[in-house]
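Take the first sequence: its position 107, counting from 1, is numbered 107 in UniProt numbering, and each next residue is one higher.
Idealized CB from N, CA, C, for every residue including glycine.
On a predicted model such as this, the values are computed, not experimentally measured, just so you know.
Okay, so here's the structure we're looking at.
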Amino acid sequence: MLGQAVDRMNITANPAELLTWYDRHARRLPWRVPPEDRAHGVVPDPYRVWLSEVMLQQTTVAAVRSYFEAFTKKWPTVKALARAAEEDVMKAWAGLGYYSRARNLKKCAETVADDFGGRFPDDEDGLRQLPGVGPYTAAAIAAIAFDRKAAVVDGNIERVMTRLAALETPLPQAKPQIRALVEKLTPEGRPGDFAQAMMDLGATICTPRKPACALCPWTSHCAGRKQGIAESLPRKAPKAEKPTRKGMAFVAIREDGAVLLRRRPPRGLLGGMSEPPTTPWSEEAETDNLGHAPLPLEWQRSAADVRHTFTHFHLEMAVWRAKAPSDTAAPDGHWWSPPADLDGEALPTVMRKALAEGIGKPAAKAR
DNA sequence: AAGGCGTGGAT
DNA sequence: TATCCAAGCCT
């Protein structure tokens, strides 16, 4: 059934043409073994492949680079990462987003170190069992690190394939057809380079807007281009509008400059990360009700609110600040973070914005 | 199985 | 300024 539909799509593109393009145009990335080194027998380190793939989930190469460098410097092996304190992993991940990835990263490292002697499973099924490793990541690691002929499908590859086949079925319904096409196209030789070539093509040539079809190695095979609909693919359902929630943040500053922080609950939004005390956020919330203040101090509202957009809602947070005497005890579950420690705390970006507004200095750039 | 889950860059 | 979206996973 699906096979017939795929056959009718009649892909004429050849993996060899894409690999030739990749040999000349592969992006140089810190976690990647370039094709010429690959040809001389250099093999990628599964730890680095895994770490980069998790960081790259829904995250741009530009954002990942410095985090990848910091992580591999601090924790050169999966065993080193397994031995790290989770708190330190969250601090190092702060600013990168989707914090469940960091929690799963630590769990996964422990599994690999404790149950597999520090060696990653070398096939898709084994990798798929690891926390934080889904269908895409398992296939990518299997292909790139272990030379397995795995069908790697990410957002780039969905775009490339729907255009190549002029596939007008909207996502996510088109996913099975796309997978079938990728399985047919993936070569026995160099499956990892093929996957990376498809992703590079999607990232640099077959871009969401204004694709550079003139530079594409597959331009003559592209049904979407022939039909003049390439740029409109893949089709997607329109996204739901984001509601706006409101809340308050309380920035208490001790005379020595220390700021009062606490830890958020271990799961859910910004789970396990640190913050100045905040109220719950809702569409109806008041932003001038001091009932939730962590300490009985003289609170003053900061001039500007913090605006921040999460995946599924906008947040407007009023920032209230107060000076605290030097002998003020931190409430249960809270601690005073001295200025020298603040940059290193596990503070997500939205909370760095709140602190910057409360303290009255520019936000430390997320690392 | 649809919705929760971050952030910054491009347009 | 507002919207889109990037190498997805989990429940």
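- Close CB contacts of Asp193 within its chain, under the 7 Å cut and outside five residues either way in sequence, are with Leu19, Tyr22, Pro35, Arg38 (chain order).
- Residue pairing by DSSP leaves Ile229 without any beta bridge partner.
- Gly126 is positioned such that its CB atom lies no closer than 8 Å to that of Cys108.
- Annotation for Ala318: the continuous beta strand (DSSP E) segment containing it runs 314 to 324.
- A direct Cα-to-Cα measurement between Ala102 and Cys216 gives close to 36 Å.
- For Ala82, the enclosing alpha helix (DSSP H) covers residues 78 to 83.
- Relative to Ile144, the option among Glu357, Ala195, Leu130 whose CA is nearest is Ala195.
- Partner residues in the beta bridge of Gly247, as assigned by DSSP, are Met317.
- For the 8 Å CB-CB criterion, Asp200 and Ala26 form a contact.
- Nearest Cα to Ala180 within the set Glu158, Met55, Leu269, Pro191: Glu158.
- Under the DSSP assignment, Ser337 falls in the beta strand (DSSP E) whose first and last residues are 334 to 337.
- In the displayed model, Ala237 falls within coil according to three-state DSSP, outside both helix and strand.
- Nearest Cα to Glu168 within the set Asp154, Leu185, Gly228: Gly228.
- Between Gly247 and Trp281 the beta-carbon gap is near 4 Å, inside 8 Å, which marks them as a contact.
- Residue range 306 to 309 is occupied by the beta strand (DSSP E) that includes Val306.
- The alpha helix (DSSP H) runs of length 4 or more contained entirely in the stretch 248 to 305 do not exist; there are none.
- Nearest C-alpha to Val153 among Thr72, Ala70, Pro172: Pro172.
- Cβ atoms of Tyr99 and Leu270 come within 8 Å of each other, at about 6 Å.
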